[in-house]
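Below is one structure, written out as structure tokens; the observations come after it.
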Amino acid sequence: MGKILKFGLPKGSLQEQTLRLFKKAGYQISLNARSYYPQVNDAEIEAMIIRAQEMTRYVEDGILDCGVTGRDWILEQGADVYEVAELTYAKEGLRPVKWVIAVPDSSNVKTIKDLEGKRIATELVSFTKRYLKSKGIKAKVDFSWGATEVKPPYLADAIVELTETGASLKANNLRIIDTILESTPRFIANKKSWRDRWKRQKMENIAMLLKGALSAEEKVGLKMNVPVKSLKRVVSLLSAMHSPTISPLFQEGWYALEVMIDERIVRDLIPRLKSAGASGIVEYPLNKVIL
Numbered sequence: 012m013g014k015i016l017k018f019g020l021p022k023g024s025l026q027e028q029t030l031r032l033f034k035k036a037g038y039q040i041s042l043n044a045r046s047y048y049p050q051v052n053d054a055e056i057e058a059m060i061i062r063a064q065e066m067t068r069y070v071e072d073g074i075l076d077c078g079v080t081g082r083d084w085i086l087e088q089g090a091d092v093y094e095v096a097e098l099t100y101a102k103e104g105l106r107p108v109k110w111v112i113a114v115p116d117s118s119n120v121k122t123i124k125d126l127e128g129k130r131i132a133t134e135l136v137s138f139t140k141r142y143l144k145s146k147g148i149k150a151k152v153d154f155s156w157g158a159t160e161v162k163p164p165y166l167a168d169a170i171v172e173l174t175e176t177g178a179s180l181k182a183n184n185l186r187i188i189d190t191i192l193e194s195t196p197r198f199i200a201n202k203k204s205w206r207d208r209w210k211r212q213k214m215e216n217i218a219m220l221l222k223g224a225l226s227a228e229e230k231v232g233l234k235m236n237v238p239v240k241s242l243k244r245v246v247s248l249l250s251a252m253h254s255p256t257i258s259p260l261f262q263e264g265w266y267a268l269e270v271m272i273d274e275r276i277v278r279d280l281i282p283r284l285k286s287a288g289a290s291g292i293v294e295y296p297l298n299k300v301i302l
């Protein structure tokens, strides 16, 4: 049997985006709805779907060589793992998520100092306790099994909850009084596995491709043809990671330009490029950008 890397993929809110990211990085992951052992188009990877909250424990103990989980769960459990890479994405976008303290709109609690002696519900119990202690606040922190937003005001005075947009909190008439932690997904490794030359190289390659796929998000490529008389004007409109690639065409006096650019500005940029003299403009998606 050949060498195998045991990889943990997060179940729950990160699952869909993680599988999409791996696909963009070149890893096709086939998952049966009833199975926790997906098939990967890489015979050297053996994958398992695990709750992000449990991932650090299995990686730290060496049951898994590596996995993807949130920074929040690494800190919550004080896990002794190696962080291979930060991967900035979430369920709904390419940004960190936040753990916030929230109270009912009608609550008299205005700042975290007002939580002295209060009851707080959260899934992030250990980190919340440490945070309150660092602020000199004594409060009762209860573990919440879910539906945390509905617990105030009858079952808790406040909650510590994960949010990306804050929409769910607002929908439940809750307001944020403090942010205690920002979190992003992390590619983590068991420290013994990281010292293994083959496994380390395999993990570094995966991390490079995942980061490349993330770097390609929200960016597109542009190709165009430009006459020499319009070249300076067209180049001045382009804001790229690096200078655009410029190549002479077979037809004398014309050049081909290629550039990577933020997708959000392309809608307004293309008409300006056309007006500046560019023609044959082609926009195309990017899968990976390896810096």
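Here the working numbering is used: position 133 in the sequence shown is 144, and no number is missing along the way. We treat Cβ as the ideally placed atom computed from N, Cα and C, and that holds for glycine. This structure is a prediction, so every number in the text was calculated from the model and none was measured.
Per DSSP, the continuous alpha helix (DSSP H) segment holding G223 begins and ends at 208-227.
Burial is judged here by how many other beta carbons sit within 10 angstroms of a residue's own beta carbon; Y47 has fewer than 16 and is exposed. Between V114 and I170, the CB-CB gap stays under 9 Å.
Excluding five sequence positions before and after A132, the CB atoms of its chain that fall closer than 6 Å to its own CB belong to D153, S155, T159, K162, A167, I170, given in chain order.
Contact between E229 and L105 holds: their C-beta atoms lie close to 7 Å from each other, under 8 Å. The three-state reading of DSSP puts V239 in helix, counting H, G and I together. With contacts defined by Cβ atoms closer than 9 Å, E193 and V231 do not form a contacting pair.
By the 16-neighbour rule on beta-carbons within 10 angstroms, P255 is buried.
DSSP places Y69 in the helix class (H, G or I) of the three-state scheme.
If only complete runs of 3 or more residues are kept, the stretch 164-213 shows the beta strand (DSSP E) at 169-174, 185-194, 196-200, in order along the chain. Looking at the DSSP output, K109 sits in a beta bridge with T174, E193. By the beta-carbon neighbour count (other beta carbons within 10 angstroms, threshold 16), E172 is buried. Relative to V108, the option among G78, G177, D116 whose CA is nearest is G177. Cα atoms of C77 and G288: separation of roughly 51 Å, rounded to the nearest angstrom. A direct Cα-Cα distance of roughly 24 Å separates R208 from A224.
Between the alpha carbons of A200 and E71 lies a distance of about 8 Å. By the neighbour-count criterion, in which a residue is buried when 16 or more other Cβ atoms sit within 10 angstroms of its Cβ, F198 is buried. Pairing V92 with T67 gives a Cβ-Cβ distance under 9 Å.
Within the same chain, and ignoring the five residues on either side of Y38 in sequence, the residues whose Cβ sits closer than 7 Å to its Cβ are V51, N52, D53. By the beta-carbon neighbour count (other beta carbons within 10 angstroms, threshold 16), E134 is buried. Put simply, the backbone Cα of V270 is about 8 Å away from that of L249. T80 is classed as buried because its beta carbon has at least 16 other beta carbons within 10 Å across all chains shown. As the crow flies, the alpha-carbon of Y69 is around 13 Å from that of K203. In this structure, the CA atom of R244 is about 15 Å from the CA atom of I292. Separation of P164 and K22 (C-alpha to C-alpha, rounded to the nearest whole angstrom) is 30 Å. L221 places its beta carbon less than 9 Å from that of A36. Shortest Cα-Cα distance from I191 to any of F138, Q28, E103, S241 involves F138.
With a cutoff of 9 Å on beta-carbon distance, K213 and L75 are scored as not near each other. Pairing P196 with E97 gives a Cβ-Cβ distance under 9 Å.
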